[in-house]
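Peer 1: Sequential numbering of the sequence shown, starting at 321, is according to the working numbering. Beta carbons are placed, not taken as given, at the ideal position from N, Cα and C, and that holds for glycine.
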Amino acid sequence: MLKAQCRCRECQYITGGSPNMFIAMPIDGFSYTLGTPKQFKRSDLERPVTREFCADCGTHLVTRPQSFAGVIVKVGTLDDPSLFGSPKMAIYAIDKQPFHTIPDGLPTFERLPKR
Ligand SMILES: [Zn+2]
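#1: To the nearest angstrom, how far is the alpha carbon of K323 from that of A410?
#2: So which residues put a beta carbon under 6 Å from any heavy atom of ligand 1, going in chain order?
#3: Look up H380 in the DSSP assignment and give the residues it is bridged to.
#4: So the beta strand (DSSP E) I334 belongs to, where does it begin and stop?
#5: For I422, name the three-state secondary structure that DSSP assigns.
#6: Cβ of M345 within 8 Å of Cβ of V395?
#7: If contacts are defined as beta-carbon pairs under 8 Å, then D415 and R329 qualify, I think. What distance do you get, rounded to the angstrom?
#8: Are the CB atoms of F388 and I343 within a distance shorter than 8 Å?
#9: Less than 8 Å between the beta carbons of T383 and R371, yes or no?
#10: Taking only heavy atoms of ligand 3 into account, decide whether any of them is closer than 7 Å to the Cβ of A344.
#11: Could you please give the first and the last residue of the uninterrupted beta strand (DSSP E) stretch that includes M409?
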């Protein structure tokens, strides 16, 4: 559905400060082939996303938003992250840090593009 990079603060927490590269895919198009992830959802937000982690190593695997019928897969968790190619947009630029660079010509949105 979408290949992008996100700079929101929560993604920065997870990445260590960098933008987060992700692929959004239909819920039906995603499944785990082995094991069951642990889930985490913030209790202080009105519509928190559900984050899924490897129960053994803590790696953040996917996010399941309430506001979007898709699964957000973290590119770094793919067996071959090079299959990502490149992002098609940058979102949540409002949270961009001075040490972040956005590639020239990449469509950039303060938050999310209008649907
Ligand atoms: Zn984000």
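Peer 2: From the atom records:
#1: Indexing the sequence shown from 1 puts residue 323 at position 3. Indexing the sequence shown from 1 puts residue 410 at position 90. Going from the Cα of K323 to the Cα of A410 covers about 9 Å.
#2: C326, C328, E330, C331, N340 and Y412
#3: Locating residue 380 in the sequence shown gives position 60, where the first residue counts as 1. F373.
#4: The residue given as residue 334 occupies position 14 in the sequence shown. Element bounds for I334: not the beta strand (DSSP E) but the alpha helix (DSSP H), R329 to T335.
#5: Taking the sequence shown and counting its residues from 1, the one referred to as residue 422 is at position 102. Correct three-state label for I422: coil.
#6: Working through the sequence shown from its first residue, we reach residue 345 at position 25. Working through the sequence shown from its first residue, we reach residue 395 at position 75. The answer is no: Cβ separation not under 8 Å.
#7: Sequence index remark: in the sequence shown, residue 415 carries index 95 (1-based). Sequence index remark: in the sequence shown, residue 329 carries index 9 (1-based). Contact flag correct, Cβ pair sits at about 5 Å.
#8: For the purposes of this step, residue 343 is identified with residue 23 of the sequence shown, where counting begins at 1. For the purposes of this step, residue 388 is identified with residue 68 of the sequence shown, where counting begins at 1. Contact flag unset, no.
#9: Here residue 383 corresponds to residue number 63 of the sequence shown, with the count starting at 1. Here residue 371 corresponds to residue number 51 of the sequence shown, with the count starting at 1. Going by C-beta atoms, T383 is nearer than 8 Å to R371.
#10: Of the ligands this structure carries, namely ligand 1, none is ligand 3.
#11: Residue 409 sits at position 89 when you count from the first residue of the sequence shown. Note, M409: beta strand (DSSP E), M409 to I411.
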